[in-house]
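Working notes for the structure below.
There are 2 protein chains.
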Amino acid sequence: MGNNKEIQNVSKATIGRLPAYHRYLKEKEAAGEKTVSSTAIAEELHLNAVQVRKDLSVISTVAGKPKLGFEIADLIGDINRILGYDNVTDAVLVGAGGLGSALAGYDGFKNYGLNIVAVFDSDPERIDKTVNGIRIFDAEQIRHLVRRLNVLIGIIAVPRGAAQQVADELIEGGVRAIWNFAPVHLNVPENIAVKNEDMAASLAILSKRLAEILISEK
Amino acid sequence: MGNNKEIQNVSKATIGRLPAYHRYLKEKEAAGEKTVSSTAIAEELHLNAVQVRKDLSVISTVAGKPKLGFEIADLIGDINRILGYDNVTDAVLVGAGGLGSALAGYDGFKNYGLNIVAVFDSDPERIDKTVNGIRIFDAEQIRHLVRRLNVLIGIIAVPRGAAQQVADELIEGGVRAIWNFAPVHLNVPENIAVKNEDMAASLAILSKRLAEILISEK
DNA sequence: GTGCAATCGATATTTTTTTATCGATAAAAT
DNA sequence: ATTTTATCGATAAAAAAATATCGATTGCAC
Chain A
259 MGNNKEIQNV SKATIGRLPA YHRYLKEKEA AGEKTVSSTA IAEELHLNAV
309 QVRKDLSVIS TVAGKPKLGF EIADLIGDIN RILGYDNVTD AVLVGAGGLG
359 SALAGYDGFK NYGLNIVAVF DSDPERIDKT VNGIRIFDAE QIRHLVRRLN
409 VLIGIIAVPR GAAQQVADEL IEGGVRAIWN FAPVHLNVPE NIAVKNEDMA
459 ASLAILSKRL AEILISEK
Chain B
259 MGNNKEIQNV SKATIGRLPA YHRYLKEKEA AGEKTVSSTA IAEELHLNAV
309 QVRKDLSVIS TVAGKPKLGF EIADLIGDIN RILGYDNVTD AVLVGAGGLG
359 SALAGYDGFK NYGLNIVAVF DSDPERIDKT VNGIRIFDAE QIRHLVRRLN
409 VLIGIIAVPR GAAQQVADEL IEGGVRAIWN FAPVHLNVPE NIAVKNEDMA
459 ASLAILSKRL AEILISEK
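Chains as they are written, first to last, in this note's numbering: chain A, 259 to 476; chain B, 259 to 476.
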């Protein structure tokens, strides 16, 4: 996942926008369109057209054409390559509760180059069952299995109290990147990547925008 | 949710960090500590200490003390106030599938000032049942009930194909902010706030960081 | 074919965000 | 009491990101 050679030169802000471009482009492609302009993308996604062009210029190999714009298929290919959507990476998921099951059940991850190969839980009721065809293993096995499967990405979807220990065990097993859905701050070494799926932060930002809108109408 | 008078002056970047500070401070408070330094926060959260001080200065009413740092209780109070964690806002949730149920089942939202008052679904099997004590209504009722309940926030957790229509109906009912968990771009009027919970984007960023780490070790 | 309009890419400017520097201050140590 | 040290807040500098400007190009309408 993520082409090591190229993703380096792309700013974090740009990376964050690529999935939105990707979706928009897929929609347009499905609608039978062949080209799209930066103006059109910007308008739809509420961005600045220059910003869109700049983003595309750093990831794309082909130039746009005046009056027509960019080849949709080319851009999709470029984003796939940069984000590594076309080469699949394995991951393990810890936590088969509500959120964990929802994540395990979401087949869409395959489109993003993520393949969940094992699920862990500590509840004996759940162990050895399956979610979405993926076997649930005893959480005791995390270290052992992660190492054996040679997995670099771990997804944490356990209650907050258990998250730190799970993180520690994943790291002991060799995981180098953690996608954390538990609402806690994880304490990890420098050389481990952590991305917090921070619902509270999202909600805060949404709330800010709502407040701005309501004020502007007063 | 979100104090209208003050949230305005706080940058989006800062807002995005506040929940992380909040969690960290709550941890420290629970551990019985009274004060904390910007240095300590920065170290734990992998941020810059100056940035932490600047963030705190725009949201806090009280100054830090040399050698001691900031009063934890004060800071928590300030963040609560800015993010509106202490006054609850109602929201409706659409979609009682895997993800929707997980969201409805997460009681932690209450700590973030969000209260889900109704769930909608179009599946007759689910209608009139409950999730986590919240009644599931027929999706046909969205417009009607949203208006009657006077709810301003809608959460979308339906399959991608249905998301746009759900958004339209929420807006017709009077919703002004949408928290979108469906992996599609929503087309909404200017005066509606949308926050996409973009799993693909998160994954992309995590992947970038992982790539950077792996490269730096080569 | 000619002219118009839409779009691009490049460069410049502005804005925002992050980081560095440094004197002042207050607690703790001597 | 004096010194040391950790920390703050303010200001300055640097870096990153977003936006504006503009000449060049190309398809499309006439």
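For every residue, glycine included, the Cβ atom is placed at its ideal position computed from N, Cα and C.
Supposed close pair B:L480, A:K453 - CB separation, criterion 8 Å = Nothing about residue 480 of chain B can be read from this structure; chain B reaches only from 259 to 476.
message = Distance cutoff 8 Å, beta carbons only. Does A:L305 sit that close to anything in chain B?
response = One-based indexing of the first sequence puts residue 305 of chain A at position 47. No, A:L305 lies away from the interface with chain B (no Cβ there is under 8 Å from its Cβ).
ask   = Start and end of the beta strand (DSSP E) containing A:N438?
value = For the purposes of this step, residue 438 of chain A is taken as residue 180 along the first sequence, with counting starting at 1. Taken as a continuous stretch (DSSP letters only), the beta strand (DSSP E) holding A:N438 covers A435 to N438.
ask   = According to DSSP, is A:N373 helix, strand or coil?
value = Within the first sequence, residue 373 of chain A is the residue found at index 115, counting from 1. DSSP places A:N373 in strand when its eight states are reduced to three.
message = Suppose the cutoff is 7 Å on Cβ atoms and the five residues either side in sequence are ignored; what does the same chain contact list for B:N267 look like?
response = The residue labelled residue 267 of chain B in the question sits at position 9 within the second sequence. Counting only Cβ-Cβ distances below 7 Å, and skipping sequence neighbours, we find V316.
Where the region 443-457 of chain A meets chain B: residues whose CB sits under 9 Å from a CB there = H443, N445, E448, N449, I450, A451, V452, K453, N454, E455, D456 and M457
8 Å Cβ cutoff met for B:N390 and B:A421 = Counting from 1 along the second sequence, the entry for residue 390 of chain B is found at position 132. Counting from 1 along the second sequence, the entry for residue 421 of chain B is found at position 163. No; because the gap between Cβ atoms is not below 8 Å, this pair is not in contact.
ask   = Grouping DSSP H, G and I as helix and E and B as strand, with all else coil, what is A:K466?
value = Counting from 1 along the first sequence, the entry for residue 466 of chain A is found at position 208. Here A:K466 carries a helix assignment [DSSP, helix/strand/coil].
ask   = Buried or exposed: A:E455, going by 16 or more other Cβ atoms within 10 Å of its Cβ?
value = Mapped onto the first sequence, residue 455 of chain A falls at position 197. Buried: at least 16 other Cβ atoms inside 10 Å.
request  = Could you please tell me which residues of the region 281-298 of chain B, in chain order, have their CB closer than 8 Å to any CB of chain A?
outcome  = Under the 8 Å Cβ criterion, the region 281-298 of chain B contributes R281, Y282 and E285.
inquiry  = So, at 7 Å on beta carbons, what are the nonlocal neighbours of B:L478 in its own chain, with the 5 sequence-adjacent residues on each side left out?
reply    = Any question about residue 478 of chain B goes unanswered here, given that chain B covers just 259 to 476.
query = Does A:P441 get closer than 8 Å to chain B when you measure Cβ to Cβ?
reply = Reading the first sequence from its first residue, position 183 is the one you call residue 441 of chain A. With 8 Å as the cut-off, A:P441 counts as an interface residue toward chain B.
Partner residues on chain B for A:Q266, Cβ-Cβ distance less than 9 Å = As a working mapping, residue 266 of chain A is identified with position 8 in the first sequence. Going along chain B in sequence order, the residues near A:Q266 (Cβ under 9 Å) are K466, A469, E470 and I473.
task = Write down every uninterrupted run of the beta strand (DSSP E) in the region 317-372 of chain A whose length is 3 residues or greater and which is fully enclosed by it, in chain order.
result = 347-352
task = Starting from B:R434, find everything on chain A with Cβ-Cβ shorter than 8 Å and list it in chain order.
result = For this step, residue 434 of chain B is matched to residue 176 along the second sequence. Those are L468, I471 and L472, listed as they occur along chain A.
task = Give the residues of chain B in contact with A:L276, contact being defined as C-beta atoms less than 9 Å apart.
result = Taking the first sequence and counting its residues from 1, the one referred to as residue 276 of chain A is at position 18. Per Cβ cutoff of 9 Å: A458, A459 and A462.
query = For A:G431 and chain B, any beta-carbon pair shorter than 8 Å?
reply = In the first sequence, residue 431 of chain A corresponds to position 173, counting from 1. Judged by the 8 Å Cβ criterion, A:G431 is not in contact with chain B.
message = Taking DSSP's pairing of strands, which residues face A:K453 in a bridge?
response = Residue mapping note: residue 453 of chain A aligns to position 195 of the first sequence, counting from 1. For A:K453, which the question treats as bridged, DSSP gives the partners A:W437.
query = Can you find a CB in chain A that lies within less than 8 Å of the CB of B:K270?
reply = Start at 1 with the first residue of the second sequence, and residue 270 of chain B comes out as number 12. The Cβ of B:K270 sits closer than 8 Å to at least one Cβ of chain A.
query = Are the C-beta atoms of B:I557 and some chain A residue less than 8 Å apart?
reply = Because chain B in this structure spans residues 259 to 476, residue 557 of chain B falls outside the shown range and cannot be described.
query = So what does DSSP say about B:G290, is it helix, strand or coil?
reply = Translated into positions along the second sequence, residue 290 of chain B becomes position 32. In this structure, B:G290 counts as coil in the three-state DSSP scheme.
ask   = Nearest-angstrom Cα distance between B:V404 and B:L428?
value = Reading the second sequence from its first residue, position 146 is the one you call residue 404 of chain B. Reading the second sequence from its first residue, position 170 is the one you call residue 428 of chain B. So the alpha carbons of these two residues sit roughly 7 Å apart.
query = For A:R384, which of helix, strand or coil comes out of DSSP?
reply = Indexing the first sequence from 1 puts residue 384 of chain A at position 126. Correct three-state label for A:R384: coil.
request  = Report the three-state DSSP secondary structure of A:G274 (helix, strand or coil).
outcome  = The residue labelled residue 274 of chain A in the question sits at position 16 within the first sequence. Looking at A:G274 - three-state DSSP - the assignment turns out to be helix.
task = Establish whether the CB of A:G356 and some CB of chain B are separated by less than 8 Å.
result = Along the first sequence, one-based indexing puts residue 356 of chain A at 98. Closer than 8 Å to some Cβ of chain B, the Cβ of A:G356 qualifies, so yes.
key: Stretch pair the region 406-415 of chain A + the region 381-390 of chain A: three plus CB contacts closer than 8 Å   = Touching, no, given that fewer than three Cβ pairs across the two stretches are closer than 8 Å.
query = Whole-angstrom Cβ separation of A:I330 and A:T293, contact assumed at under 8 Å?
reply = The residue labelled residue 330 of chain A in the question sits at position 72 within the first sequence. The residue labelled residue 293 of chain A in the question sits at position 35 within the first sequence. Rounded, the Cβ-Cβ distance is 6 Å, consistent with contact.
ask   = Going along the chain, which residues of the region 324-346 of chain A sit with their C-beta nearer than 7 Å to a C-beta in chain B?
value = L341 and G342
task = Measure from the C-beta of B:G260 to each C-beta in chain A and report whether the shortest distance is under 8 Å.
result = Residue 260 of chain B sits at position 2 when you count from the first residue of the second sequence. Note on B:G260: pLDDT 47, under 50, position unreliable in the model; the coordinate value appears next. Yes, B:G260 lies at the interface with chain A (some Cβ there is under 8 Å from its Cβ).
key: Residue(s) in a DSSP beta bridge with A:V389   = Stepping through the first sequence from its first residue, residue 389 of chain A is reached at position 131. A:V389 is bridged to A:I392.
task = With distances taken Cα to Cα, identify the nearest neighbour of B:T274 among B:A298, B:K284 and B:V310.
result = By one-based count along the second sequence, residue 274 of chain B stands at place 16. It is worth fixing the name first, because residue 274 of chain B is Gly in this sequence and not Thr. Ranking the options by Cα distance to B:G274, first place goes to B:V310.
key: 8 Å Cβ cutoff met for B:I471 and A:A451   = As a position in the second sequence, residue 471 of chain B is number 213, starting the count at 1. As a position in the first sequence, residue 451 of chain A is number 193, starting the count at 1. Yes, the pair counts as a contact, with Cβ atoms nearer than the cut-off.
query = Buried or exposed: which applies to A:R221, given that a residue is buried once 16 or more other Cβ atoms fall within 10 Å of its Cβ?
reply = There is no way to answer for residue 221 of chain A, as the model of chain A reaches only from 259 to 476.
task = Name, in chain order, the residues that DSSP records as bridge partners for A:I414.
result = Taking the first sequence and counting its residues from 1, the one referred to as residue 414 of chain A is at position 156. Looking at the DSSP assignment, A:I414 forms a beta bridge with A:V352 and A:N438.
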